[in-house]
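A.B. asks:
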Amino acid sequence: MTTNTVSSGQPEPASQPPANNPYRTAVTQFNAVAERLHLDPGLAEVLRTPKRELTVNFPVQMDNGSVRVFTGHRVQHNEARGPVKGGIRYHPSVAIDEVRALAMWMTWKCAVVNLPFGGAKGGVAVDPKSLSEGELENLTRRYAAEISIIVGPDRDIPAPDMGTDARIMAWFMDTYSMNMGHSVPGVVTGKPISIGGSQGRVEATGRGLLYIAQEAQRAHGRSLEGATVAVQGFGNVGATAARLLQAAGAKLVAVSDVGGGVYRGSGFEWADLARAKDRGQVLHDAVKNADIITNEELLELPVDILFPAAMEGQISSINASKVHARLIVEGANGPTTPEADAILADHGIPVVPDILANAGGVVVSYFEWVQDLQSFFWEEDEVNVKLHRIMTRAFNEVQALQEREQVTMREAANMLGVSRVAEALQTRGIFP
Ligand code: NAD
Numbered sequence: 000m001t002t003n004t005v006s007s008g009q010p011e012p013a014s015q016p017p018a019n020n021p022y023r024t025a026v027t028q029f030n031a032v033a034e035r036l037h038l039d040p041g042l043a044e045v046l047r048t049p050k051r052e053l054t055v056n057f058p059v060q061m062d063n064g065s066v067r068v069f070t071g072h073r074v075q076h077n078e079a080r081g082p083v084k085g086g087i088r089y090h091p092s093v094a095i096d097e098v099r100a101l102a103m104w105m106t107w108k109c110a111v112v113n114l115p116f117g118g119a120k121g122g123v124a125v126d127p128k129s130l131s132e133g134e135l136e137n138l139t140r141r142y143a144a145e146i147s148i149i150v151g152p153d154r155d156i157p158a159p160d161m162g163t164d165a166r167i168m169a170w171f172m173d174t175y176s177m178n179m180g181h182s183v184p185g186v187v188t189g190k191p192i193s194i195g196g197s198q199g200r201v202e203a204t205g206r207g208l209l210y211i212a213q214e215a216q217r218a219h220g221r222s223l224e225g226a227t228v229a230v231q232g233f234g235n236v237g238a239t240a241a242r243l244l245q246a247a248g249a250k251l252v253a254v255s256d257v258g259g260g261v262y263r264g265s266g267f268e269w270a271d272l273a274r275a276k277d278r279g280q281v282l283h284d285a286v287k288n289a290d291i292i293t294n295e296e297l298l299e300l301p302v303d304i305l306f307p308a309a310m311e312g313q314i315s316s317i318n319a320s321k322v323h324a325r326l327i328v329e330g331a332n333g334p335t336t337p338e339a340d341a342i343l344a345d346h347g348i349p350v351v352p353d354i355l356a357n358a359g360g361v362v363v364s365y366f367e368w369v370q371d372l373q374s375f376f377w378e379e380d381e382v383n384v385k386l387h388r389i390m391t392r393a394f395n396e397v398q399a400l401q402e403r404e405q406v407t408m409r410e411a412a413n414m415l416g417v418s419r420v421a422e423a424l425q426t427r428g429i430f431p
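Counting from 1, position 348 in the sequence shown corresponds to residue 347 in numbering that gives the first Met the number 0; the numbering is continuous, with no gaps.
#1: Measuring only between beta-carbons, confirm whether residue 428 sits less than 7 Å from chain C.
#2: In its own chain, which residues sit with a C-beta less than 6 Å from the C-beta of residue 357, not counting the 5 before and 5 after it?
#3: Starting from residue 394, follow the alpha helix (DSSP H) in both directions and report where the run begins and ends.
#4: Measuring straight from C-alpha to C-alpha, what distance separates residue 340 and residue 319?
#5: When you compare the region 32 to 46 with the region 415 to 429, are there three or more beta-carbon pairs, one atom per stretch, that lie closer than 8 Å?
#6: My assumption, with CB atoms under 8 Å, is that residue 368 sits in contact with residue 188. Please give the rounded CB distance.
#7: Per DSSP, which residues does residue 67 bridge with? Please list them.
#8: Specify which residues have a beta carbon nearer than 6 Å to any heavy atom of ligand 1, listing them in chain order.
#9: For residue 7, which residues of its own chain have a beta-carbon under 7 Å away from its beta-carbon, when the five flanking residues on both sides are left out?
#10: Taking its Cβ as the centre, do 16 or more other Cβ atoms sit within 10 Å of residue 95, making it buried, or is it exposed?
#11: Between which two residues does the beta strand (DSSP E) containing residue 50 stretch?
#12: Looking only at its chain, what residues have a beta carbon closer than 7 Å to the beta carbon of residue 13, apart from the 5 residues adjacent to it on each side?
#13: Starting from residue 449, trace the beta strand (DSSP E) in both directions and tell me its first and last residue.
#14: What would DSSP say about residue 282, mapped onto helix, strand or coil?
#15: Taking buried to mean at least 16 other C-beta atoms within 10 Å of its own C-beta, is residue 193 buried or exposed?
#16: Compare the beta carbon distance of residue 325 and residue 290 with 7 Å and say whether it is the shorter of the two.
#17: Thinking just about the alpha-carbon of each residue, which of 103, 411, 57, 71 is nearest to the one in residue 84?
#18: Quick one: residues in its chain with C-beta nearer than 6 Å to the C-beta of residue 213, no 5 flanking neighbours on either side, listed in chain order?
#19: Assign residue 428 to one of three DSSP states: helix, strand, or coil.
#20: Between the Cα of residue 207 and the Cα atoms of 91, 244, 47, which residue gives the shortest distance?
#21: Would you be able to state if there are at least three C-beta pairs under 8 Å between the region 106 to 123 and the region 69 to 87?
#22: Give the DSSP-derived three-state secondary structure of residue 125 in the structure shown.
#23: I want to check one thing, is the minimum distance from the CB of residue 91 to the heavy atoms of ligand 2 below 6 Å?
#24: Secondary structure at residue 29, three-state DSSP: helix, strand or coil?
#25: Give the DSSP bridge partners of residue 180, in chain order.
#26: Going by DSSP, which residues form a beta bridge with residue 434?
#27: Any idea if residue 359 is buried or exposed, counting beta-carbon neighbours within 10 angstroms, 16 or more meaning buried?
#28: Could you tell me whether the Cβ atoms of residue 433 and residue 255 are closer together than 7 Å?
#29: Straight-line CA distance for residue 145 to residue 168?
#30: Looking at the secondary structure, which residues open and close the beta strand (DSSP E) in which residue 150 lies?
#31: According to the neighbour-count rule (16 or more other Cβ atoms, all chains shown, within 10 Å of its Cβ), is residue 293 buried or exposed?
Spelled out as C-alpha cells, the structure:
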C-alpha cells in the first residue's frame with residue numbers, strides 16, 4: 000500500500016508550470032542571481048537542483064474504521080553547508096513543486112543568516128482541520144515513520160510550518176525516538192519545552208519580523224513608533240508579529256485570515272483580535288466596529304508597512320500596481336512573484352524579502368537544535384538577545400550589498416545566500 004519514490008536526479012523542468020507556481024518563482028529568482036554572480040553553469044546547475052526528493056503515499060486509519068491514503072513529500076535541496084533544515088506543512092495545496100521551492104528558499108535563508116544548515120521542506124496534502132485529533136496523530140506518526148529513512152538530527156531536522164505546530168512536532172519526535180529505541184530530541188525543532196523545545200521558539204519568526212521592521216524603518220529614516228501596519232494572515236507568524244509590533248508602538252490598522260480581513264483606521268487592540276480568534280471564528284465575523292475587507296483589499300491599503308504573512312503568490316502581476324504600502328516585510332515564504340517584484344521596484348516600494356525577514360524561526364530552531372545536542376538549555380532573554388544580533392547583522396550585510404551592487408533587497412539577499420552556498424560547494428569539491 001505504501002509507495003516510496005526517492006529520486007536524486009533532475010526535477011521536472013520549471014518552464015511549463017503556471018505563472019504562480021512557487022518553484023518557477025524560486026528558479027527564476029535563482030537564475031537571475033546566478034547570472035549576476037557569474038556562476039559557472041555546472042555549479043549553478045548543482046545549486047538549482049534539489050539533491051534528494053522523497054514522495055510517500057501512505058495509509059491512515061480514520062475514526063470511522065475506513066482507510067485513506069495520503070500523499071506527503073520531503074525535499075532536501077542542498078547540504079553543502081551542513082545538515083538540512085526546514086518545516087513540515089499540512090495544507091490541501093501541498094505539491095512537489097511547492098515543496099521544492101520552499102526547500103530551495105530554506106537553503107538561501109540559512110545561508111543569509113549564516114547558520115550551518117542546508118535547506119529542506121516537507122508536507123502532506125491534507126486539511127488538518129478536517130481531521131480529528133486522533134486522525135491527525137495517526138497521519139503524523141505514519142508520515143514521520145515514512146520519511147524517517149532520510150531524516151535525523153545530523154541529517155535533516157524538520158520544524159513546524161503552515162498547519163503544523165508543537166504538538167505535531169512532539170508526535171514526530173516520539174515516533175522517531177521509538178524507532179531508534181532511545182529519545183532523540185534533536186530530530187525536530189519547534190517542540191514543546193517539556194521535551195527539549197527552546198524558550199522563544201514559538202514567537203521567533205514574528206519576533207524576527209519585528210527586529211527586521213525596526214531595522215528597515217531606521218534605514219529609511221523612519222521609526223516603528225506610530226507606523227501604520229497591515230498584516231495578512233493571523234497564524235503563528237502573523238499574529239505574533241502583530242502583537243510584538245503593537246507592543247513596539249506600531250498602529251495595527253488591518254489584519255486578515257483565510258476568511259477575509261478587518262480594517263480600523265484608529266487601530267486595533269491585539270488582545271481583542273486574539274480573543275476573537277480564540278472563539279474559533281474567522282476575524283471578519285468576530286471583530287466588531289471595523290470595516291470588513293477582503294484579503295485583496297488589505298494588500299492595497301496605503302499603510303507604512305505591509306506584512307504578507309499567509310502564503311505564496313499573494314502579490315502578483317495582477318495586483319502589484321495597486322499596492323500602496325511604503326514598505327513590505329515578507330512574513331510568508333514567497334508571497335511576491337518575480338513579476339510583482341519588478342512592478343514594486345518600479346513604483347519605488349522596497350521589499351524586505353522572506354529569506355531575510357522571516358528567518359527568525361529557523362534561527363531559534365538552530366538554537367533549539369544546539370541546546371538539544373548539548374542537553375543544556377538557555378533562558379528566554381539569552382535566546383532573544385542572540386536572535387536580535389543575528390537578524391540585525393544579516394539585515395546590515397544585505398543592505399550593504401544592496402547599496403554596493405545597486406540591486407533590490409531580494410536580489411542582495413539572494414546574492415549573499417547563494418554565494419555562501421556556492422563557496423561551500425566549491426570548497427568541498429565534487430565527489431568523487
Ligand atoms: P499558520 O497556519 O499558523 O497561519 C496561516 C494564517 O494564514 C492563518 O491565519 C490562515 O487563516 C491564513 N491564511 C491561509 N490562507 C490564506 C489566504 N489565502 N489569504 C489570507 N490568509 C490566509 O501558518 P504560519 O506558520 O503562520 O505560516 C505562515 C507563512 O509564514 C507561511 O508562508 C510559512 O511558510 C511562513 N513561515 C512560517 C514560519 C514559522 O515558524 N511558522 C517560519 C518562516 C516562514
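From the three backbone atoms N, C-alpha and C, an ideal C-beta is built for every residue, glycine too. No experiment lies behind these values; they were computed from the predicted model shown.
C.D. replies: On the basis of the data shown:
#1: Any reference to chain C falls outside this structure, which holds one protein chain only.
#2: 204, 330
#3: 379 to 404
#4: 8 Å
#5: yes
#6: The Cβ separation is near 6 Å, so the contact holds.
#7: 59
#8: Taken from the N-terminal end onward, the list reads 159, 160, 161, 162, 204, 231, 232, 233, 234, 235, 236, 237, 255, 256, 257, 294, 308, 309, 310, 330, 331, 332, 357, 360.
#9: With a pLDDT of 41 at residue 7, under the threshold of 50, the modelled position of this residue cannot be trusted, and the question is left open.
#10: buried
#11: Looking at the DSSP string, residue 50 is not in any beta strand (DSSP E), and its letter there is neither H nor E.
#12: Legend: pLDDT at residue 13 = 40, less than 50; position of this residue unreliable, no value from coordinates given.
#13: This structure does not reach residue 449, given that the chain is present from 0 up to 431, and the question cannot be answered.
#14: helix
#15: So residue 193 counts as exposed.
#16: no
#17: Among 103, 411, 57, 71, the Cα nearest to that of residue 84 belongs to 103.
#18: 223
#19: coil
#20: It is 244 whose Cα lies nearest to the Cα of residue 207.
#21: yes
#22: coil
#23: Among the ligands in the structure shown, ligand 2 does not appear; only ligand 1 can be found there.
#24: helix
#25: Answer is none; residue 180 lacks a bridge partner.
#26: With the chain covering only 0 through 431, there is no way to say anything about residue 434.
#27: buried
#28: Not covered by the structure: residue 433. The range shown for the chain is 0 to 431.
#29: If you take the alpha carbons of residue 145 and residue 168, they lie about 15 Å apart.
#30: Here residue 150 belongs to no beta strand (DSSP E), and DSSP marks it neither H nor E.
#31: Burial is judged here by how many other beta carbons sit within 10 angstroms of a residue's own beta carbon; residue 293 has fewer than 16 and is exposed.
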